[in-house]
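Protein chains in written order, with this note's numbering: chain A, 1 to 341; chain B, 1001 to 1341. All C-beta atoms in this analysis are idealised placements derived from N, C-alpha and C, irrespective of residue type, glycine included. Here's the structure, in structure tokens; my notes come after.
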DNA sequence: CTGTTAGCGCGTTCAC
DNA sequence: GTGAACGCGCTAACAG
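Right, here's the structure in full:
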């Protein structure tokens, strides 16, 4: 099958290429009549404009990139859903890149995007990211970028988050309210602000409740699940076992489950557990897991919306949105009413 | 910052554009020396070739599309992981499109891909897809396409699946082995072969065990979760309640959980439940859910591998791969050993 | 209102 | 071994 392009159409209609082009782009310079004709033939021959020629000429790719630490994770999967919804609305395409929580991959991926392949970037940082030089390069290229959830420290940049300090505070307070006095915190791996903020919320709640802050109760986790599991095991085996655990991410909550099972400890009878989680089903399957659920779909949507705002009107300052997390308590029925959360 | 392109490099080196181009493409016509120089300057100026110009010229996009029914679903998320791994290996980019189980969206998306934006397509069909005309158009354009999991009926097409008949059979047999005599099947929505095959496996297992086939025990589900939930509720409320349920997808298993909770029925004491599921955590959180776990990561990887095979050597016949599902039984420790499954 | 011309940046002839 | 010239398909500027 021969490619059908503007030239084909122009020849068949005895028009010039540019007239056809304008007609298809609904230019005001073209008669309604000619437009009709052109459109009809285009339809008939199933003409599809070549996106690369168009991009080359217009310096626009109609494509955005989404850079994620991982995808087998309900939070990010839902965020993509929200992003995709907005992208479709704007007629944009979505490229996915996974860092697998690896700083080096993150750098490599940002390098890939320096060539104009995409018009904008949505990004959630890898937990191993310390240094932000690679992000500066993107900004130098005037590539609009919006961070979500795991955001850059840079103030001059757009971001969408939930209030991690508040969430950490509320999670801890919830455990206190349940009668916990010795509360451990499984801290977010790496050096991102999100980890510090959640911990700071935890510390503040301890303070406000006149509970001692025992450094041994803060576990600095990493990306090695086995190591984390063992550390939690040790924590639970100590003769001064915590009566409550606040996990900063879902995976650590699952490790805690496994460790408790190993030690024949009951959740929540022996240890109460609260965790960030967007696993819709977690509550359904095991109501003892109180969750702090982030509005992942809305975060994705908001981040994408901010990005497209920047894409439309060029000079737009950094904007920030902070959405609300929801604490879903034991036996709450809230989980059933959530749609795309 | 000015764009740095071949022209820039050529001028700075007193070479012609074409020489620089050849040098960067490591052509045999160019001296090792000049290559060095060119590469050095390219590095220094951080030259990034314009992908659109390149694609326009080469008729290659270095991009594949992945079309999925949904993404907030562990199976598909893991499949993307596998796909991405292979794509990165080949230096390819991955576009994501979601049908949201909607046939019309699926058609619209396939139309989008008719213009050469991607070199190949990986696809899992929407459950509402009946008609495959839109897929024919893709094939007419010689766009390589590989289906996975929810595959086209067409024999002339590449696909990667697990053996759905066998899985359905094994699931049912497992319930029989647990002592179930009245086994219900929550059938996969829509008209795809995957639903029929799982049901046929179920029916064959009943037959082989001399169990009656009661049509009322087969629930034809759809994409409306509330309706499914109510149907399951009715099923469980009947005076002739099933003692085992085989759910064809995870969501239906979750609906079953909710329905049982509503009726104060215990799983597995009152009703045994088995379901397809790639929710790694399901077993951990609730061991009573016996799962049939598909090797999602490997399915994605295999599908992508097949696709790239087709991309390399043009004329390649349809290939088919059938991977093994794993039955993860109650209290099995298998779940902990799985990596990217 | 329509057509002509001139690139977008790159890769591939074909001369030299 | 290197360079000049052309074209991939489309759009923008300018004529008419």
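Beta bridge counterpart(s) of residue 120 of chain A as assigned by DSSP: A/64
Determine whether the Cβ of residue 1259 of chain B lies closer than 7 Å to any Cβ atom of chain A. no
Determine the direct distance from the alpha carbon of residue 289 of chain A to that of residue 177 of chain A, and round the result to whole angstroms. 15 Å
Could you check if residue 7 of chain A is buried or exposed, using at least 16 other CB atoms within 10 Å of its CB as the buried criterion? exposed
Counted within 10 angstroms of its Cβ, other Cβ atoms place residue 28 of chain A as buried (16 or more) or exposed: exposed
Length of the line joining the Cα atoms of residue 346 of chain A and residue 181 of chain A: Chain A is shown from 1 up to 341; residue 346 of chain A falls before or after that span and cannot be answered.
Beta bridge counterpart(s) of residue 184 of chain A as assigned by DSSP: A/245
Check this for me: beta carbons of residue 1303 of chain B and residue 1160 of chain B, under 7 Å apart or not? yes
Does the segment 190-208 of chain A come within contact of the segment 127-144 of chain A, defined as at least 3 CB pairs closer than 8 Å? yes
Environment of residue 1294 of chain B [buried if 16+ CB atoms lie within 10 Å]: buried
Any idea what DSSP makes of residue 1220 of chain B, helix, strand or coil? strand
Which residues in the same chain as residue 1336 of chain B place their Cβ atom closer than 7 Å to its Cβ, once the five residues preceding and following it in sequence are excluded? Low confidence applies here, because residue 1336 of chain B scores a pLDDT of 32, under 50, leaving its location unreliable and the question unanswered by this model.
Quick check: what's the CA-CA separation for residue 1322 of chain B versus residue 1162 of chain B? 5 Å
Interface residues of chain A around residue 1171 of chain B at Cβ under 8 Å? Chain A residues near residue 1171 of chain B: none, gap ~19 Å exceeds 8 Å.
Under the three-state DSSP convention, the category residue 1072 of chain B falls into: coil
How should residue 11 of chain A be labelled, buried or exposed, when 16 other C-beta atoms within 10 angstroms of its C-beta is the threshold for buried? exposed
What is the residue span of the alpha helix (DSSP H) that residue 1034 of chain B lies within? 1032-1045
Taking the beta carbon of residue 1339 of chain B as the centre, do at least 16 other beta carbons fall within 10 Å, making it buried, or is it exposed? Caution is warranted here: a pLDDT of 29 is assigned to residue 1339 of chain B, below 50, making its placement in the model unreliable, and the coordinate value is therefore given only provisionally. Counting Cβ neighbours within 10 Å, residue 1339 of chain B comes out exposed, since fewer than 16 surround it.
Compare the Cα-Cα distances from residue 1278 of chain B to each of B/1095, B/1291, B/1201 and report the closest residue. B/1291
Go ahead and label residue 207 of chain A buried or exposed: buried means 16 or more other beta carbons lie within 10 angstroms of its beta carbon, across all protein chains shown. exposed
From the DSSP output, read off the bridge partner residues of residue 93 of chain A. A/63
Measuring alpha carbon to alpha carbon, tell me which residue in B/1165, B/1209, B/1257, B/1083 is nearest residue 1229 of chain B. B/1257
Count the other CB atoms within 10 Å of the CB of residue 18 of chain A; is the residue buried (16 or more) or exposed (fewer)? exposed
Report the option in B/1102, B/1205, B/1087 whose CA atom is closest to the CA atom of residue 1300 of chain B. B/1087
Mind checking if residue 1136 of chain B is an interface residue toward chain A, Cβ cutoff 7 Å exclusive? no
Of all the residues that make up the segment 106-128 of chain A, which are near chain B by a beta-carbon distance shorter than 7 Å? 114, 115, 116, 117
Span separating the alpha-carbon of residue 1003 of chain B from that of residue 320 of chain A: 30 Å
Short check: CB of residue 184 of chain A to CB of residue 274 of chain A, under 7 Å? no
By alpha-carbon positions, which one of A/74, A/31, A/123 ends up nearest to residue 98 of chain A? A/123
In the DSSP output, which residue or residues are listed as bridge partners for residue 197 of chain A? Its beta-bridge partners do not exist; DSSP assigns none.
Along the alpha helix (DSSP H) that carries residue 226 of chain A, what are the first and last residues, could you check? 225-237
When you compare the segment 213-224 of chain A with the segment 150-157 of chain A, are there three or more beta-carbon pairs, one atom per stretch, that lie closer than 8 Å? no
The beta strand (DSSP E) spanning residue 1326 of chain B covers which residue range? 1326-1328
How big is the Cα-Cα spacing for residue 1198 of chain B and residue 1213 of chain B? 15 Å
What span of residues does the alpha helix (DSSP H) with residue 1172 of chain B cover, start to end? 1164-1177
Ignore the nearest five residues each way along the sequence and tell me which others in residue 1332 of chain B's own chain have a CB closer than 6 Å to its CB. Residue confidence for residue 1332 of chain B is low, a pLDDT of 43 falling below 50, so the modelled location carries little weight; the figure read from the coordinates is stated next. Cβ within range, chain order: n/a, list empty.
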